[in-house]
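*Asks:* Got a structure for you, written out below as structure tokens; questions coming shortly.
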Amino acid sequence: MLAAGALEPRGPVAETIADLWWFMFALGLAVFVVFAALLGASLIRRRHEEDPSTGERAPDAPSRWLIWGGVVLPLVVVTAVFGATVVAMRDTPTTAPSEALVVEVVGHQWWWEVRYPEEGVTTANVVHVPVGRPVAFRLSSADVIHSFWVPSLGGKMDALPDGTNTLVLQADEAGEHRGACAEFCGLQHARMDLLVVAEPAEGFAAWVAGQRELAAEATGALAERGRELFGDARCASCHVIRGLTEVGVEGPDLTHLASRPTIGAGAAGNTAMELAEWIADPHTVKEGVKMPATDLDEEDRAALLAYLEGLE
Ligand code: CUA
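Residue numbers for the sequence shown follow the numbering used here, so the first one is 14 and each next one is one higher.
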């Protein structure tokens, strides 16, 4: 099940933040109810005290209300919120425990590069994490400031071009979590999605093992042709496919492209039709991306598609 909201906590950090939110909501609601009641009472009282001939009423000393309602009450409310915030901050880890899984996340305009340095895995826009184990996300950016946010796991932290921020999160149960970029970073900021897949340790290990493998061999003449085209065409100057070409620097690693649920960081589904459209001209799907349109004829495009579709 896909959890997408900050009020659907699926981990200890998210729970702490959700608890704080509910506390502030309850406090705000109590203040609203009390003031609405006082306002109502004063309107009723005012009507009773008015002089029917002139419509005026005698002014009374407002100092008691000013002191309690204007000084004491706000002081109590602000102190309570401050105290609860300090407690929530204390319960949010700021350094990674030694058993934490390290995941490096690099924000790009407009996608997420995801690397597991200890496992030797690189992927994009999808993060697999084991259930019940803390994950240290080391956040940085290749260009402008982005912000890493997976509401149902908690957090939200800037990914900066000149330094690394660490966010420690943990998923308590298996499931999928929608994440997004939370800092305006240009034209396609809104389409910079991230999917976090939390799975039991064995499932996670199996995923890592699969991702560590080199790209699948091309099967069939069409896919063979596509594989050659990938190397010959401009694709390989930006994209890495491990086992085929290692020089790409700009775009997402495509070694296991077919294993990902979306393309373009959630801009489109990873289906043959949408991938074909993307290869022909990604700007029709996600205007402004760095990838240029390709000038392949229909046959070559079909070949490239056949090869990419086989990259499980
Ligand atoms: Cu990246 Cu907004």
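Just so you know, even glycine gets a beta-carbon here, dropped at the ideal spot from N, CA and C. All figures in this text were calculated on a predicted structure; none of them were measured in a lab.
First and last residue of the beta strand (DSSP E) that includes Met170?
*Replies:* As a working mapping, residue 170 is identified with position 157 in the sequence shown. 167 to 172 is the extent of the beta strand (DSSP E) around Met170.
*Asks:* At 3 residues or longer, and completely inside the segment 189 to 233: list those beta strand (DSSP E) runs for me, N to C.
*Replies:* Taking only runs of at least 3 residues, the beta strand (DSSP E) segments lying wholly in the segment 189 to 233 are 206 to 212.
*Asks:* With DSSP as the reference, label Glu112 as helix, strand or coil.
*Replies:* Reading the sequence shown from its first residue, position 99 is the one you call residue 112. Three-state DSSP puts Glu112 in coil, outside helix and strand.
*Asks:* From which residue to which residue does the alpha helix (DSSP H) around Arg314 run?
*Replies:* Walking along the sequence shown from the start, residue 314 turns up at place 301. First-last of the alpha helix (DSSP H) with Arg314: 311 to 322.
*Asks:* Once the 5 residues before and after Asp104 are set aside, which same chain residues still bring their CB inside 7 Å of it?
*Replies:* Working through the sequence shown from its first residue, we reach residue 104 at position 91. Around Asp104: Thr29.
*Asks:* For Phe95, is the beta carbon positioned less than 7 Å from some heavy atom of the ligand CUA?
*Replies:* By 1-based counting over the sequence shown, the position of residue 95 is 82. Outside the cutoff, so no.
*Asks:* Look at the Cβ atom of Leu33, then the Cβ atom of Ala101, and state whether they are nearer than 8 Å.
*Replies:* Walking along the sequence shown from the start, residue 33 turns up at place 20. Walking along the sequence shown from the start, residue 101 turns up at place 88. Yes, they are a contact pair.
*Asks:* In angstroms, rounded to a whole number, what distance separates the CA positions of Val337 and Val139?
*Replies:* Because the chain here runs from 14 to 325, residue 337 falls outside it and cannot be looked at.
*Asks:* Decide if the segment 178 to 192 is in contact with the segment 141 to 148; the criterion is three or more beta carbon pairs, one per stretch, under 8 Å apart.
*Replies:* Output reads yes: the segment 141 to 148 touches the segment 178 to 192.
*Asks:* For the alpha helix (DSSP H) containing Arg103, name the first residue and the last one.
*Replies:* As a working note, residue 103 is residue 90 in the sequence shown. It spans 86 to 103 - the alpha helix (DSSP H) in which Arg103 sits, taken as one unbroken run.
*Asks:* Just verifying my parser: in three-state terms, what is the DSSP assignment at Pro143?
*Replies:* Residue mapping note: residue 143 aligns to position 130 of the sequence shown, counting from 1. Pro143: strand per DSSP, three-state reduction.
*Asks:* By Cβ distance below 7 Å, which residues in the same chain neighbour Ala97 in space, the five residues on each side in sequence not counted?
*Replies:* Here residue 97 refers to the residue found at position 84 of the sequence shown. Leu33, Phe36, listed in sequence order.
*Asks:* Do we get a CB-CB distance below 8 Å when we pair Glu215 with the residues of chain C?
*Replies:* Absent from the structure is chain C; it holds one protein chain and no more.
*Asks:* Would you say Val209 and Tyr129 are within 8 Å of each other, going by their C-beta atoms?
*Replies:* Mapped onto the sequence shown, residue 209 falls at position 196. Mapped onto the sequence shown, residue 129 falls at position 116. Going by C-beta atoms, Val209 is not nearer than 8 Å to Tyr129.
*Asks:* Would you say the beta carbon of Met205 comes nearer than 7 Å to a heavy atom of the ligand CUA?
*Replies:* Mapped onto the sequence shown, residue 205 falls at position 192. True, at least one ligand heavy atom lies under 7 Å from that Cβ.
*Asks:* Could you give the DSSP three-state label for Trp162: helix, strand or coil?
*Replies:* For the purposes of this step, residue 162 is taken as the residue at position 149 of the sequence shown. Strand, per DSSP.
*Asks:* Whose C-beta lies closer than 7 Å to the C-beta of Glu263 among residues of the same chain, with five residues either side of it excluded?
*Replies:* As a working note, residue 263 is residue 250 in the sequence shown. Cβ neighbours of Glu263 beyond the five flanking positions: Cys251, Lys303.
*Asks:* Using CA atoms only, rank isn't needed, just tell me which of Leu200, His190, Ser76 is closest to Pro274.
*Replies:* Counting from 1 along the sequence shown, the entry for residue 274 is found at position 261. Nearest C-alpha to Pro274: His190.
*Asks:* May I ask whether a heavy atom of the ligand CUA can be found less than 7 Å away from the beta carbon of Glu300?
*Replies:* Counting from one through the sequence shown, the residue named residue 300 turns up at place 287. Outside the cutoff, so no.
*Asks:* Between which residues of its own chain and Ala319 is the CB-CB distance below 6 Å, once the five residues before and five after are set aside?
*Replies:* If you number the sequence shown from 1, residue 319 lands on position 306. Answer for Ala319: Leu235, Ala236, Gly239, listed in chain order.
*Asks:* Is Trp123 close to the ligand CUA? I mean its beta-carbon at under 7 Å from any heavy atom of the ligand.
*Replies:* Mapped onto the sequence shown, residue 123 falls at position 110. Yes; taking the cut-off as 7 Å, the Cβ of Trp123 has a heavy atom of the ligand CUA nearer than that.
*Asks:* Residues in the same chain with beta-carbon distance under 6 Å from Ala231, minus the five sequence neighbours each way, listed in chain order, please.
*Replies:* Working through the sequence shown from its first residue, we reach residue 231 at position 218. So the qualifying residues of the chain are Glu237, Arg240, Tyr320.
*Asks:* Buried or exposed: where does Gly256 fall if 16 or more other Cβ atoms within 10 Å of its Cβ makes it buried?
*Replies:* By one-based count along the sequence shown, residue 256 stands at place 243. By the neighbour-count rule (16 or more Cβ atoms within 10 Å), Gly256 is not buried but exposed.
*Asks:* Should Cys194 and Gly82 be called a contact, given that it needs their Cβ atoms to be closer than 8 Å?
*Replies:* Start at 1 with the first residue of the sequence shown, and residue 194 comes out as number 181. Start at 1 with the first residue of the sequence shown, and residue 82 comes out as number 69. Contact: no.
*Asks:* Evaluate Arg58 with the Cβ neighbour count: other Cβ atoms within 10 Å of its Cβ, from every protein chain shown; 16 or more gives buried, anything less gives exposed.
*Replies:* Within the sequence shown, residue 58 is the residue found at index 45, counting from 1. Looking at its Cβ environment, which holds fewer than 16 other Cβ atoms inside 10 Å, Arg58 is exposed.
*Asks:* State the CB to CB distance for the pair Trp123 and Ala278, rounded to an integer number of angstroms; the pair is presumed to be in contact (CB under 8 Å).
*Replies:* On the sequence shown, position 110 is the one that residue 123 refers to. On the sequence shown, position 265 is the one that residue 278 refers to. Right, the Cβ-Cβ distance comes to about 6 Å (below 8 Å), so this counts as a contact.
*Asks:* Below 6 Å CB to CB, which residues in the same chain sit around Gly199 once its five sequence neighbours on both sides are set aside?
*Replies:* Here residue 199 refers to the residue found at position 186 of the sequence shown. Answer for Gly199: Gln122, listed in chain order.
*Asks:* Which term fits Ala228, buried or exposed, when burial requires 16 or more other beta carbons within 10 angstroms of its beta carbon?
*Replies:* The count along the sequence shown starts at 1 and reaches residue 228 at position 215. Burial call: buried.
*Asks:* Alpha carbon to alpha carbon, how far is Ala280 from Ser153?
*Replies:* Start at 1 with the first residue of the sequence shown, and residue 280 comes out as number 267. Start at 1 with the first residue of the sequence shown, and residue 153 comes out as number 140. Roughly 22 Å between the two C-alpha positions.
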